[in-house]
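Each residue of the sequence shown is one higher than the one before, starting from 73 at the first, in my numbering. Ideal Cβ placement from N, Cα and C applies to all residues, glycine included. As structure tokens, the structure follows; a few thoughts come after it.
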Amino acid sequence: MNTMKTPVTASLVLILLVASQVCADQADSTKESKEEQYFVIETRHRLHPKFSQIDTVAMNGVFYIGEEEYKGELIAFNPHLGITMEGEALQMSDTLYNPAVRIRVSLDDEIQQESWGFSVLSSPHFRREDLLAFRLVDFRVGEKYIKAPARK
């Protein structure tokens, strides 16, 4: 009987070792993909031109603006943003030609504005009715998108 238990026990141990390694590999893969994605966002204020804040945010991440009265949330990334004449945002391709992030700003859980933060423009762009403007300073999105060719 002991000879019967030994192969079963050895097989069970082997299965457990393989399963634990698979789980560890999946956890490392998830950890790496989350770590390699980030967005560095500059926030500017229309009424206070000297105000500038830099935050590093994950997708769907929340950051506080100023002294924590305004809450920003990164809600979308578009690698090649195009905007129609009607104001509809389009993803023109998977190539990083015009990368932009969409940020929702709320105050006391009431949405105040939603704005795009562009990477290509040299400074944040204020829409007429917005108090805050954003610029995508740096980002890492892994291998999901195609790197744009160097500009001449």
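Hey, would you say residue i sits closer than 8 Å to residue j, going by beta carbons?
| i | j | result |
| --- | --- | --- |
| Ala161 | Gly189 | no |
| Tyr136 | Val177 | no |
| Thr115 | Phe206 | yes |
| Glu145 | Ile175 | yes |
| His117 | Leu204 | yes |
| Leu168 | Tyr110 | no |
How many Å lie between residue i and residue j at the Cα?
| i | j | result |
| --- | --- | --- |
| Ala220 | Glu182 | 37 Å |
| Val213 | Arg223 | 20 Å |
| Gly159 | Arg199 | 12 Å |
| Asp210 | Ile113 | 7 Å |
| Ile147 | Gln163 | 15 Å |
| Leu119 | Asp202 | 10 Å |
| His152 | Glu140 | 31 Å |
| Phe123 | Ala130 | 23 Å |
| Asn150 | Gly138 | 26 Å |
| Gly154 | Leu193 | 14 Å |
| Val134 | Glu108 | 18 Å |
| Thr156 | Ser187 | 15 Å |
| Glu104 | Ser165 | Below a pLDDT of 50, predicted positions are generally treated as unreliable, and Glu104, at 46, falls in that range; the measurement from the model is reported next regardless. Rounded to the nearest angstrom, the two C-alpha atoms are 25 Å apart. |
Can you tell me whether residue i is buried or exposed, with buried defined as 16 or more other CB within 10 angstroms of its CB?
| i | result |
| --- | --- |
| Asn132 | exposed |
| Ser191 | buried |
| Cys95 | Reliability fails at Cys95, whose pLDDT of 48 lies under 50, so the model's placement of it is uncertain and the value that follows must be treated cautiously. That one is exposed. |
| Glu215 | exposed |
Taking 7 Å as the cut-off, is the beta-carbon of residue i closer than that to any non-hydrogen atom of the ligand MN?
| i | result |
| --- | --- |
| Trp188 | Absence of the ligand MN is noted for the structure shown, with no ligands found whatsoever. |
DSSP has residue i in a bridge; who is on the other side?
| i | result |
| --- | --- |
| Gly189 | Val173 |
| Glu114 | Ile126 and Arg207 |
| Ile137 | Tyr142 |
| Gln163 | Leu153 |
| Glu182 | Leu179 |
| Ala148 | Arg174 |
| Arg47 | Missing from the structure shown is residue 47; the chain here goes from 73 to 224 and no further. |
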